[in-house]
Amino acid sequence: MAVCVAVIAKENYPLYIRSIPTENELKFHYMVHTSLDVVDEKISAMGKALVDQRELYLGLLYPTEDYKVYGYVTNSKVKFVMVVDSSNTALRDNEIRSMFRKLHNSYTDVMCNPFYNPGDRIQSSRAFDSMVTSMMIQVC
Amino acid sequence: MSPTQWDFPVELCCRPMAFVTLTGLDVVYNAVHRAVWDAFCANRRADRVPISFKVLPGDHEYPKCRPKRTSYEWYIPKGILKTGWMNKHLNLVPALVVVFYELDWDEPQWKEKQSECATRVEIVRQSLQGRNTKVAVVLIQKKTPLPPGEDVTASERAAALCNACELSGKSLFVLPHTDHLVGYIIRLENAFYEHAQTYYYTEIRRVKSHKEFLNKTTHQLLFVRHQFKIAFFSELKQDTQNALNNICRLCFQHNTPLDAIAQFRKHIDLCKKKIGSAELSFEHAAWMSKQFQAFGDLFDEAIKLGLTAIQTQNPGFYYQQAAYYAQERKQLAKTLCNHEASVTYPNPDPLETQTGVLDFYGQRSWRQGILSFDLSDPEKEKVGILAIQLKERSVVHSEIIITLLSNAVAQFKKYKCPRMKSHLMVQMGEEYYYAKDYTKALKLLDYVMCDYRSEGWWTLLTSILTTALKCSYLMAQLKDYITYSLELLGRASTLKDDQKSRIEKNLINVLMNESPDPEPDCDVLAVKTAQKLWSDRVSLAGSGVFTIGVQDFVPFVQCKAKFHAPSFHVDVPVRFDIYLKADCPHPIRFSKLCVSFNNQEYNQFCVIEEATKASEVLENLTQGKMCLVPGKTRKFLFKFVAKTEDVGKKIEITSVDLVLGHETGRCVVLNWQGGGGDAASSQEALQASRSFKRRPKLPDSELHWDSIVIQASTMIISRVPNISVHLRHDPPALTNEMYCLVVTVESHEKTRIRDVKLTAGLKPGQDANLTQKTHVSLHGTELCDESYPALLTDIPVGDLHPGEQLEKMLYVRCGTVGSRMFLVYVSYLINTTIEDKEIVCKCHKDETVTIETVFPFDVAVKFVSTKFEHLERVYADIPFLLMTDLLSASPWALTIVSSELQLAPSMTPVDQLESQVDKVVLQTGESASECFCLRCPSVGNVEGGVATGHYIISWKRTSAMGNVPVISTAVTLPHVIVENIPLHVNADLPSFGRVRESLPVRYHLRNKTSLVQDVEISVEPSDAFMFSGLKQIRLRILPGTEQEMLYNFYPLMAGYQQLPSLNVNLLRFPHFTNQLLRRFIPTSIFVKPQGRLVDDTSIAAA
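Dropping the structure here:
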């Protein structure tokens, strides 16, 4: 499904980023980083009034020739970015949304770990890792 | 093929318009015709219909129409579209030919003229030769036509003319040559336009009808040709919906960018897969790149015309994509076109055609007219491909890419995409690197590096740094090379250890004034040049010291400075630690560590140098410790003695310098501003502070880096005083008294203290009014006045030996009640020794005390009549009593020294005003009263009453010594209302009566007015008395005179008895009542029982 999954901290540094190993990793890093422009813009456009009941899913951030980049932002301004191959037309908005929800749940579990310090990179969570793997494997 | 081979033909880039030719106009010699032509051409504004006009002679030869085919079976297309086709339809083949002819309806030679006109039309028809082009006739008339239907000849002749020319009535027009020429012309134009549209519509129908004949296998190209033709005709017809298939310009014109984008996407998706020959795939990439660029240009143009783009959909994306394809083209060209130098350009040039112009769009020049995809001539094909490949080699790809990228950067900047912009700038930098323009590459990369650094994208930063390091290596830029190495070795770098080792080795080489090894994956030629540059640098020995400020990046040595305490007393040495930690893979030596302060005098004490011996100030440091082991925290302790001038000041570490390499040769000075920390450390510190993680135990001497908190400044505070200050006083203070405060200072120092000074008084910073009403003096024997200050400063007290104590009396006078804070501050000098240095310390100690001020007593004043009855008001000339009541509120006994009544001029004393409370001592809650008999002469009616005067009490504390001044407190007495009465009655009677003994009572009635008063007097009998005198009388009293009434009362009963009441009735003053009267005369008297005579009769009777 996804070719790259990233979790970005409130301060916009990466907490977790993984892409399929066959492709150039750097390319995805750049792609995720540049997508933050759109995320920032969307967050600021939403304004403060509707913080509580706003939609976390940001939708398609921007399409490139080969990939589609989707975004999701939690209430604590942690961003999830997912890159999907454009050729994969089977993925509807709803699927992407549910994938993000899954990712969010898994991220919440990581946060609940008393040994995890919020703001640290997510390095040693096997559950989170395998969840991301499952989201990336389904394609191939 | 020229480098512009991918540019679009001119025909595609202009706005297509319907083509109409005008014949029969002699624009050169005929002024009327000239005017008509000008009206058609001049000032064509945008609101006029899109038609391009051309004047041609009537017998102009139009392009020949090929004979119509009935079947396409045998027709094999040679290409998709002929190159001349579009031009043909835009500028050669008209949609409408208009024949102008001068003819009025009332022309006398009508028949001849009519046939001449018909001939002209026929000529035009012939020259068109079977094309579907429409023909129209315009009659230029000199007369204004009558309204339609009224001119019978006109309609008849028009019908005849149409018949003669084989025209429909709709194609015949009349152009009266009058003042309203332009108006008629516009009407004509619209009519022409309609005709042109019909023409293009039939053309479309015609092309579409061809389609039905086509055979799918052989006529693929024709399909495309026909599609294109339909679109083109539609466009000529301004039918934009149909033309969408072709190009998106119209969409933008019609303000539907989304359609345009969608259209473009469709187009691209379709073309993406059609790569064509593998050997020439770069051509495809180039074509794609061009497509994107063209679309980006169109988009941008549309925006300039007022379209609004958004962040996620702006021309930048298309430029970016164009750049990607250009990069792809470069990649492909690199792999496909790496021919040996010996491969020469084929001769004859297969790309040359006879005409120099291709017949069909998108066809190989050596395959002109080849009908199918089967490659008939493989040899020729090969040569052709080679030629194209060799041409491709000469293309400067990087330039194209950089232009596209910089276009994209400009767009993204506009649409608030800073990160996208940075990314593109990185790509530009990399492209410059490939183009061997290292200076520009470095400039760009350096510019964006900080963005990635500040956001903590270390992977990306590392990649950029790696490229930058290559650039700086290839240019032998020492400082840049060192800076990038420092960061690539640091903790932010994601390089593998082997890479780090290599870079560290190179860095050490550079510091030892040797050449570094080349960076991997560099161009071989460039490396050769670089090596030469480096060896030149080496021979230029001692190329200096490089100071690198580290706060803007993440170097491989981290530093933290920490003062042991937030403040130090001046008599103890200031201590602080510098912690260093290296993140590189191998241990590294440094030659010097020095610390700078805001007071530079301390800098000299805080240097560690390899060459010199460790000074005594430094602990646990030997030569071997100038080495940093990776991952281990090293601590360096420094201490110095603060200057006494710095007491009360902040000492700050302004910078820490770590020198790598030797100052004699090359060396790098890492310069940390403040107490250490670099671009990443603040975020790390924040994370560390949030962390609850338990850190693993380390050996005693080692520390966790994260647990060290930077403390870059400390305060120097004065030495701790060793004296005691005591205050003795009896609160509360009483208003205006000289309140005594006894200050006792005792020295507990080991040595003599000098220059003891006392500052005492109201503590500054309180209510400003208090300062005005508080005065401090050292002398208690005299009252201080306004001129005394609220705070006495620096009163010299002299020296004190150890154990000695001194006492100082302070007097405070508080003018208002309330609480005040008083400060007593004692300062002195003492000599002490620290670290074998003798210093003079200034110490001080302060005490504050809050003192409440209260009134010493409350004074109550009241007015009573001579009968001690309360008076609301007093009566003129009638004596009354003033009673004062002094209630002590002080917790301490008070001595009233004396009191004095200062009467206002309007009051006169009835007798001597002597103080009755002299020398009275009042304890808390006790009171002292005085009574004065006064009289107030008659005054007019004074508003608010008459002033009475002042009551002045002189007092002091009973405990106060004799020399303490007496305080006088003045109380303003209340005003009193004075009233005149018409008649004053007073009674003269003994103080008591006795039963059955005559009691003479004399009433004096005095007329106080200037009128004669008629008075009715009566006396009511009483049970207790018998009386003699006038019981009822009416009399007159002259002004100012007195009337006496004498009565003899004879008491019957003993005890306190009511007297027979006297009633006075003034006829002139009905308000004068007996009630008032009774204030002045007694109503009762004590009657003693009948006294026993001191004779024996009574005893005998007993």
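Chains V and A are the protein sequences, given in the same order. Numbering-wise, the UniProt record's numbering puts 9 at position 9 of the first sequence, and it's gapless, one number per residue. Numbering-wise, the UniProt record's numbering puts 715 at position 715 of the second sequence, and it's gapless, one number per residue. Ideal Cβ placement from N, Cα and C applies to all residues, glycine included.
#1: Taking the beta carbon of residue 37/V as the centre, do at least 16 other beta carbons fall within 10 Å, making it buried, or is it exposed?
#2: What is the rounded straight-line gap between the Cα of residue 426/A and the Cα of residue 578/A?
#3: If you reduce the DSSP assignment to three classes, tell me which class residue 425/A lands in.
#4: Among the candidates 746/A, 878/A, 549/A and 601/A, whose CA atom is the shortest distance from the CA of residue 846/A?
#5: I'd like to know if the segment 986-993 of chain A and the segment 949-965 of chain A are in contact, where contact means that at least 3 CB-CB pairs between them fall below 8 Å.
#6: Could you give the DSSP three-state label for residue 929/A: helix, strand or coil?
#7: Helix, strand or coil: which one does DSSP assign to residue 94/V?
#8: Residues in its own chain within less than 8 Å of residue 811/A by CB, not counting five upstream and five downstream?
#9: For residue 417/A, which of 15/V, 14/V, 72/V and 39/V has the nearest alpha-carbon?
#10: Using the beta-carbon count (16 or more within 10 Å), is residue 476/A buried or exposed?
#11: Per DSSP, what are the beta-bridge partners of residue 875/A in this structure?
#12: Quick one: does residue 108/V have its CB under 7 Å from some CB of chain A?
#13: What are the residues of the segment 440-460 of chain A that lie near chain V, defined by any Cβ-Cβ distance shorter than 7 Å?
#14: Between the Cα of residue 976/A and the Cα atoms of 949/A, 723/A, 900/A and 126/A, which residue gives the shortest distance?
#15: Are any of the Cβ atoms in chain A nearer than 7 Å to that of residue 30/V?
#16: Helix, strand or coil for residue 862/A, going by three-state DSSP, please let me know.
#17: Helix, strand or coil, according to DSSP, for residue 672/A in the structure here?
#18: Among 120/V, 28/V, 93/V and 112/V, which residue has its Cα nearest to the Cα of residue 688/A?
#19: If we call anything under 7 Å between Cβ atoms a contact, is residue 97/A one with residue 137/A?
#20: Against chain V, does residue 689/A count as a neighbour if the rule is that its beta carbon must be under 7 Å from one of theirs?
#21: Less than 7 Å between CB atoms is the rule here; does residue 33/V satisfy it with respect to chain A?
#22: State whether the segment 515-532 of chain A contacts the segment 643-654 of chain A, with contact taken as three or more CB pairs (one from each stretch) at a distance under 8 Å.
#23: If the criterion is Cβ atoms closer than 7 Å, does the pair residue 491/A and residue 571/A meet it?
#24: Determine, for residue 417/A, whether the minimum Cβ-Cβ distance to residues of chain V falls below 7 Å.
#25: What is the rounded straight-line gap between the Cα of residue 95/V and the Cα of residue 297/A?
#26: For residue 440/A and residue 413/A, I'd like the C-alpha separation in whole angstroms.
#27: Where does residue 2/V land, buried or exposed, given buried means 16+ other C-beta within 10 angstroms?
#28: Is residue 843/A near residue 832/A, with beta carbons less than 7 Å apart?
#29: Which of helix, strand or coil does DSSP assign to residue 79/V?
#30: Among residues of its own chain, excluding the 5 on either side of residue 760/A, which ones have a beta-carbon nearer than 6 Å to its beta-carbon?
#31: Is there at least one Cβ from chain V nearer than 7 Å to residue 715/A's Cβ?
#32: If I follow the unbroken alpha helix (DSSP H) through residue 508/A, where does it start and stop?
#33: Hey, could you find the ends of the alpha helix (DSSP H) residue 469/A is sitting in?
#34: Compute the Euclidean distance between the alpha carbons of residue 124/V and residue 6/V, then round it to the nearest angstrom.
#35: In chain A, which residues lie less than 9 Å from residue 56/V when you measure between Cβ atoms?
#36: Assuming residue 918/A contacts residue 890/A (C-beta within less than 8 Å), just tell me the rounded distance between them.
Taking the definition as stated:
#1: buried
#2: 37 Å
#3: helix
#4: 746/A
#5: no
#6: strand
#7: helix
#8: 738, 739, 740, 741, 776, 777, 778, 779, 780 and 784
#9: 39/V
#10: buried
#11: 979/A
#12: no
#13: 455, 456, 457, 459 and 460
#14: 949/A
#15: yes
#16: strand
#17: strand
#18: 120/V
#19: no
#20: no
#21: yes
#22: no
#23: no
#24: yes
#25: 36 Å
#26: 20 Å
#27: buried
#28: no
#29: strand
#30: 792, 810 and 824
#31: no
#32: 497-511
#33: 458-475
#34: 15 Å
#35: In chain order: nothing, as chain A lies at least about 19 Å away.
#36: 19 Å between Cβ atoms; not a contact.
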